[in-house]
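Each number in this note's numbering comes from the position in the sequence shown (counting from 1) with 551 added on.
Note that the Cβ used here is the ideal one computed from N, Cα and C, for glycine as well.
Just so it is clear, the structure is predicted and the values come from calculations on it, not from any experiment.
One structure below.
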Amino acid sequence: MQARRADPTLARGSGVRQNHFKKMLQSQRQIGLWTGLRSTMIAEMLSHVSGMDWFVIDMEHSPNDFEDVLLQLQVSQLGGAEPVVRVPWAEPVVVKRVLDLGAQSLIFPLINSPEQAKLAVEATRYPGLGGVRGVVSIGRMNNYGAQSPHYYQEAAAQICNIMQIETMEAVDNIEAIAAVDGVDALFVGPSDLSASMGFIGQPRHPEVRAVIEKAFSRILATGKAAGFLTANKEDAQWALEQGCSFVAVGSDMQMLTAAAKAAATEFKAFASRL
């Protein structure tokens with residue numbers, strides 16, 4: 552799939568930036584990558600030249616802080632891949648700050664119940680519009696005031712809320728979580744899910760795989776989009792075949808490590824023969 556074209560509205564201030572990633576969740580399969588190296592150059596490369604449709608800026612399991620997120624959003628949002636920020640927790644202050652930086656697609660980790668999903672969504676919406684998000688008049692999110700006051704009314708339609716399903720409790724509550732107003736997609740996290748099942752470090756265990764496959768089916772039955780992360784090619788293809796509409800096929804750390812190891816093995820073997 553070709554990456555989406557840059558949206559000129561962000562540059563000229565004529566309206567709230569359109570979230571093409573959210574728009575395409577129900578109609579196209581989108582391929583992405585996970586990032587955790589807090590690198591603006593990686594974010595820029597992924598958005599502008601990689602051909603990826605989306606990528607994650609991870610705040611949960613990486614050293615990314617607010618300033619790191621800001622810089623990565625700045626270099627990527629006029630490119631072809633949507634930056635999706637995984638917040639460390641569904642905490643309103645954290646969510647507010649990430650949204651004020653201009654993020655429009657969020658992944659919320661460890662959402663186990665519809666109540667938690669509702670709180671996550673409320674953190675993205677303004678008071679009087681179904682939420683508790685703090686209001687600031689000038690910020691990057693509204694092009695430094697150029698989109699006020701209509702930004703406050705239009706923002707929610709362009710924010711994509713993705714709930715991570717990472718425990719058996721969450722699996723049991725898939726339908727209830729998906730039914731929460733404002734939830735756009737459910738993302739199955741195989742590492743934490745396998746740990747919650749007693750198979751820590753074994754996300755490809757047959758019992759885990761069976762649960763994930765059924766989870767995909769149940770998510771799709773609700774009408775919401777399903778997502779997945781894996782560095783294994785066969786598993787990525789399997790997830791797409793199961794109907795997942797957005798799949799992360801690796802991470803910057805995993806790809807760099809694998810490439811470095813392969814290069815070291817190849818050239819050390821060559822050098823040893825000289």
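- DSSP places S578 outside any beta strand (DSSP E), giving it a letter other than H or E.
- Note on geometry: alpha-carbon atoms of E792 and S699 lie some 43 angstroms from one another.
- Cβ-Cβ separation between I770 and L737: approximately 5 angstroms, consistent with a contact (criterion under 8 angstroms).
- For I763, the secondary structure class from DSSP, reduced to helix, strand or coil, is helix.
- For L652, the closest C-alpha among the options K812, F818, L624 and M806 is that of L624.
- Going by beta carbons, G583 and D604 fall inside the 8 angstroms limit.
- Only exposed fits F617, as fewer than 16 other CB atoms lie within 10 angstroms of its CB.
- Per the Cβ contact rule, the stretch 739-753 is not in contact with the stretch 691-707 (fewer than 3 Cβ pairs under 8 angstroms).
- Annotation for S802: the continuous beta strand (DSSP E) segment containing it runs F797 to S802.
- With a minimum length of 3 residues, the unbroken runs of beta strand (DSSP E) contained wholly in the stretch 730-790 fall at 736-739 and 776-780.
- Within the same chain, and ignoring the five residues on either side of S796 in sequence, the residues whose Cβ sits closer than 6 angstroms to its Cβ are L576, R580 and A776.
- Bridge partners of V635 according to DSSP: V607 and S656.
- Separation of V798 and V683 (C-alpha to C-alpha, rounded to the nearest whole angstrom) is 31 angstroms.
- In the DSSP assignment, Q709 falls outside any beta strand (DSSP E) and lies within the alpha helix (DSSP H) extending over H701 to Q709.
- The three-state secondary structure of N712, taken from DSSP, is strand.
- Between G602 and the set I728, K819 and V800, the nearest pair of CA atoms involves V800.
- Per DSSP, S688 lies in no alpha helix (DSSP H) segment and is marked neither H nor E.
- DSSP, reduced to helix, strand and coil, places T675 outside both helices and strands of the structure shown, so it counts as coil.
- Shortest Cα-Cα distance from A654 to any of R637, A668 and S664 involves R637.
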